[in-house]
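Just so you know, the numbering used here puts 194 at position 90 of the sequence shown, and the rest follows in order with no gaps.
Okay, so here's the structure we're looking at.
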Amino acid sequence: KDLHPTKEGLTMGEVLKEINIQSNGNAAIVSDVGQHQMIACRYAEFNKTKSNITSGGLGTMGFALPAAIGAKMAAMDREVVAVIGDGGYQMTIQELGTIFQTKVPVKIVVLNNNFLGMVRQWQQLFFDKRYASTELMNPDFVAIAKGYYLSARKVTKREELAEAVSEMMACKEAYFLEVCVEKEDNVFPMVPAGASVSEIRLS
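This is the structure:
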């Protein structure tokens with residue numbers, strides 16, 4: 105379902121699949137915290153070791169951008185792609201200044217659903233869609249990236265995705281890519297709070 109959606113909007117899984125294709129599975133993927141983190145762990149393909157960089161279950165939103173900068177500085181011969189949600193991205197967005205000053209050629213992919221997606225998913229499934237403090241009014245991420253002199257692009261349609269990811273991977277400098285994804289896409293399987301593994305939810 106994530107890789108072969110029936111919905112009109114893009115899914116996070118489709119974006120990871122395209123990164124796999126364009127990088128031939130050779131990129132190091134640095135994921136932040138949230139739904140996209142689960143998607144990255146499920147669908148990113150790696151041909152090399154030390155390629156899946158994540159804060160795991162620590163829940164450190166904002167981790168991916170500075171971690172990707174450090175990973176790239178430590179392995180300049182590797183493509184490093186930060187995969188971040190729009191919520192976590194705004195927690196360390198100022199690190200674009202570090203990229204601007206150091207010229208470190210890291211790739212940044214923000215999966216934008218205008219929500220704190222994982223929290224929204226719990227509110228949808230267990231609190232009758234009573235969304236509270238999870239919907240986000242975001243700034244113009246592309247304009248901000250360009251303000252730091254990064255190449256930047258926004259994808260809103262499925263037919264734009266392959267070309268945009270190809271352009272990003274071919275760029276020799278830092279690149280920012282915003283991809284607008286389905287707002288109410290959920291990540292499964294999941295175990296509800298206080299439940300046992302036997303109560304796992306698959307949909």
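In this text, a Cβ means the ideal position worked out from N, Cα and C, and glycines have one as well.
Distance CB(residue i)-CB(residue j) smaller than 8 Å
i	j	result
Gly138	Met222	yes
Met273	Glu183	yes
Ala186	Val213	yes
Ile188	Ala171	no
Phe78	Thr196	Since the first residue shown for the chain is 105 and the last is 307, residue 78 is missing from the structure and cannot be characterised.
Leu120	Val285	no
Ser255	Glu277	yes
Cβ distance (whole Å) where residue i is taken to contact residue j below 8 Å
i	j	result
Ser155	Ile133	7 Å
Tyr252	Ile203	7 Å
Gly191	Ala168	12 Å between Cβ atoms; not a contact.
Arg234	Val246	Not a contact, Cβ separation roughly 32 Å.
Proximity to residue i [Cα-Cα], best of the options
i	options	result
Ser270	Asn128, Leu107, Ile203, Glu112	Asn128
Phe230	Ser307, Gly113, Val283	Ser307
Met111	Gly201, Lys261, Phe150, Met177	First, the residue type needs correcting, since residue 111 is Lys and not Met in the sequence shown. The residue with the shortest Cα to Cα distance from Lys111 is Lys261.
Leu73	Ile173, Ser255, Val283	It is not possible to answer for residue 73, since the shown part of the chain is limited to 105 through 307.
Ala178	Ser302, Val210, Ala297	Val210
Residue i beta carbon near the ligand PLP (any heavy atom closer than 7 Å)
i	result
Gly191	Questions concerning the ligand PLP fall outside what the structure shown contains, since it holds no ligand whatsoever.
Any alpha helix (DSSP H) of 4 or more consecutive residues that is wholly inside the region 153 to 196: If we require 4 residues or more, the alpha helix (DSSP H) runs fully inside the region 153 to 196 come out as 168 to 178, 190 to 193.
Contained beta strand (DSSP E) runs [length at least 3] in the region 224 to 248, N- to C-terminal order: The qualifying runs do not exist here; there are none.
Uninterrupted beta strand (DSSP E) stretches inside the region 112 to 141 (no shorter than 3 residues): List check, beta strand (DSSP E) in window: 132 to 135.
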